[in-house]
Amino acid sequence: MPLCTGAAPPEAFGRGGSAYRGRTFHARDRPAPALMATLTLQNVPDDLHRRLKERAERNRRSIDREAVRLLEEAVRAPQPEKDEAWEQATALRERLAARGFKPLTAEEVQEAIEQGRP
């Protein structure tokens, strides 16, 4: 039978179980963990990694757990329906037009893209 491990010295482990905060329990006392996917992030900017690490420390979590928590919050956040998003974009355009801003044409966007690339 597999043993559950805790933050206790080896001599604290009883036969067939483990000690955790003065309580001995067996692996069969807890449900088996579900299989979870693994996500590997590459090219994480140093500043982002530093801020994530600081946030994880403040929340007493590992960087992995903090990243999962933030992803859960982002995915759980309500996303506007397509029609609602279109209405919001239209209202924003109208507010900007009232202040004298005009939208860029497709040609102006393409020109800006080309100027920003070698």
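When you line the sequence shown up against our numbering, it's residues 1210 to 1327, in that order. Ideal Cβ positions, reconstructed from N, Cα and C, are used throughout, including at glycine. This one's a predicted model, so the numbers in the text were calculated from it and none came from an experiment.
Contact between Leu-1261 and Glu-1282 fails: their C-beta atoms lie close to 13 Å from each other, not under 8 Å. Arg-1308 and Val-1277 have their C-alpha atoms some 41 Å from each other. Shown here, Val-1318 sits in a helix according to DSSP, grouped into three states. Taking a C-beta distance under 9 Å as the contact criterion, Ala-1306 and Pro-1312 qualify as a contact pair.
Its chain contains Pro-1289 as the residues whose beta carbon lies nearer than 8 Å to that of Gln-1297, once the 5 sequence neighbours on both sides are disregarded; these appear in chain order. When secondary structure is reduced to three states using DSSP, Val-1253 falls in the coil class, being assigned neither helix nor strand.
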